[in-house]
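Asks: When we follow the working numbering, the leftmost residue of the sequence shown carries the number 1, and every step to the right adds one.
The beta carbon of each residue, even a glycine, is placed where N, CA and C say it ideally should be.
As the structure is a computational prediction, the values presented were derived from the model and not from experiment.
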Amino acid sequence: MIEIQIHPSDIRRRVRYFFVDRRRVTALLLLSVIVLMFVIASMAAAPSVIRRVYKSTHLRSVRQEQAVQRERLKQHVDQMVSLEKSLDEQRIRIEKLIAVYGLEGGGRIGQGGDASSMAGASVDIHEELEAARRRQSMLEESIDRLQHQIDMLALYESTNADMVKHTPSILPIPSDQFVLTSPFGSRVNPFTRAADFHKGLDLAAPKGTAIFAAADGVVTFSGRYPLRQSVNWWRYGNVVVVNHNDRFITIYAHCDAVNVRPGQQVKQGQTIATVGSTGWSTNDHLHYEVRSDLERPGHYDPIDPRIYILNYQWNNEEQLLIGSRSSKDYKNFDPLPSAFIGRRRV
């Protein structure tokens, strides 16, 4: 038994006595030791807890910052994708002009990659940023190359203005009035049901639709070609032929009305005839051919007119450009009658 006495400072107050047995003293000492150990352990663990809390808070902040950066990166990549699409459209127009003018050395403009492979595909934001930088570098190179081609074309057009005026470059009928029913190339002939090579475009349109001259030139033939001279050309029905400065000849066949006469000068966009179904024709349409002597002077070989239509965009222009660069077999092409060619300039 332990006796505890408490003596007040005032001697007039009585002394207080407390008696504690040994079990309670032992329990009290044990509790004090436990509390003391808990305090010591807490003090020892406090730095690591603080570090964990700091790391968690910092990690959360970093993740939030990465989310903001990734969103900004996505917006940047989306802008680059839009620019790539616009550049690709411009590239095709420029390459068509290069093909039309017969220029070399233009080169092809590079294209960007798939947007899905740039942003959001990698967990590491640094890898995404590096991919975006590479994409931006490719775009800058493409823009420089495009500008080089534009400068080259501008110089060519300024020094060859007359040649440019006589180069077929527009759709021969209104763009909202036709349906392409037979393209340039191999097909099954609708009359013989045999395979043959279609030397132009069949553009179905309502009867009476205006037909435009594709470029400045001189009408060398208009009307129906005599049957006794050529069955094949007689099948073209009413036809108008325009010679463009002896470099190109355009043919407009199966016309209804013919508005021009041989020897007449015509301007690009001038109405020269109307759509009809004369000759061998299954319906109202314009058969349009472009012939050039650029590859074989004096022969006027047929070429795909879609390459020479710059005011209308076809669905497969990339393939058309590739096809225009391939070698051609001219054995199956009918030579033009001398009446179509007219008098060549010396």
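#1: How big is the Cα-Cα spacing for MET37 and ARG60?
#2: From what residue to what residue does the beta strand (DSSP E) around VAL218 run?
#3: For the stretch 210–282, which segments carrying the alpha helix (DSSP H) assignment without a break, of at least 4 residues, lie completely within its bounds, in sequence order?
#4: Measuring only the C-alpha atoms, how far is GLU130 from VAL242?
#5: Let me know if ASN238 comes out buried or exposed under the rule of 16 or more other beta-carbons within 10 Å of its beta-carbon.
#6: Looking at the secondary structure, which residues open and close the beta strand (DSSP E) in which VAL188 lies?
#7: Near ALA205, what residues of its chain come up, given a Cβ to Cβ distance below 6 Å and the 5 sequence neighbours on each side ignored?
#8: DSSP state of SER292, grouped into three classes?
#9: To the nearest angstrom, report how far apart ASP21 and LEU31 are at their CA atoms.
#10: Given a cut-off of 8 Å, decide if THR271 and ALA210 are closer than it, judged by their beta-carbon atoms.
#11: Could you tell me the distance, in whole angstroms, from the CA atom of VAL81 to the CA atom of LEU139?
#12: Spell out a yes or no on whether the stretch 247–262 and the stretch 181–198 are touching, meaning 3 or more CB-CB pairs, one atom from each, closer than 8 Å.
#13: Give the range of the alpha helix (DSSP H) segment to which GLN341 is assigned.
#14: Take ARG247 and list the residues in its own chain whose beta-carbon comes closer than 8 Å to its own, dropping the five residues that flank it on each side.
#15: With the cut-off set at 8 Å, would you say ASP334 and GLN268 are in Cβ contact?
#16: Compute the Euclidean distance between the alpha carbons of GLY102 and ASP256, then round it to the nearest angstrom.
#17: Go to VAL179, then tell me how far its beta strand (DSSP E) extends in each direction, as first and last residue.
Replies: Considering the structure as presented:
#1: Taking the first residue of the sequence shown as position 1, residue 37 is located at position 37. Taking the first residue of the sequence shown as position 1, residue 60 is located at position 60. Distance between the alpha carbons of MET37 and ARG60: 34 Å.
#2: Position 218 of the sequence shown, counted from the first residue, corresponds to residue 218. Its beta strand (DSSP E) spans residues 217–224.
#3: 231–234
#4: Looking up residue 130 in the sequence shown gives position 130. Looking up residue 242 in the sequence shown gives position 242. The alpha-carbon atoms of GLU130 and VAL242 are separated by roughly 56 Å.
#5: For the purposes of this step, residue 238 is identified with residue 238 of the sequence shown, where counting begins at 1. Looking at its Cβ environment, which holds 16 or more other Cβ atoms inside 10 Å, ASN238 is buried.
#6: Walking along the sequence shown from the start, residue 188 turns up at place 188. Its beta strand (DSSP E) spans residues 185–188.
#7: Numbered from its first residue, the sequence shown carries residue 205 at position 205. So the list reads ILE173, GLN177, PHE178, VAL275, once near-sequence residues are dropped.
#8: The residue labelled residue 292 in the question sits at position 292 within the sequence shown. Looking at SER292 - three-state DSSP - the assignment turns out to be strand.
#9: If you number the sequence shown from 1, residue 21 lands on position 21. If you number the sequence shown from 1, residue 31 lands on position 31. Taking the straight line joining both Cα atoms gives about 16 Å.
#10: For the purposes of this step, residue 210 is taken as the residue at position 210 of the sequence shown. For the purposes of this step, residue 271 is taken as the residue at position 271 of the sequence shown. Yes, the pair counts as a contact, with Cβ atoms nearer than the cut-off.
#11: Mapped onto the sequence shown, residue 81 falls at position 81. Mapped onto the sequence shown, residue 139 falls at position 139. Spanning the two alpha carbons is a distance of roughly 10 Å.
#12: no
#13: As a position in the sequence shown, residue 341 is number 341, starting the count at 1. In the sequence under discussion, the amino acid at residue 341 is Ile, which differs from the Gln named in the question. 338–341 is the span of the alpha helix (DSSP H), which, as asked, contains ILE341.
#14: Position 247 of the sequence shown, counted from the start, is the residue given in the question as residue 247. Cβ within range, chain order: MET163, HIS166, THR167, SER292, ASP293, LEU294.
#15: For the purposes of this step, residue 334 is taken as residue 334 along the sequence shown, with counting starting at 1. For the purposes of this step, residue 268 is taken as residue 268 along the sequence shown, with counting starting at 1. It is not a contact, given that the beta carbons lie outside the stated cut-off.
#16: Here the question's residue 102 lines up with position 102 in the sequence shown. Here the question's residue 256 lines up with position 256 in the sequence shown. One C-alpha to the other measures close to 34 Å.
#17: What you label residue 179 is simply residue 179 of the sequence shown in a count that begins at 1. Note, VAL179: beta strand (DSSP E), 179–182.
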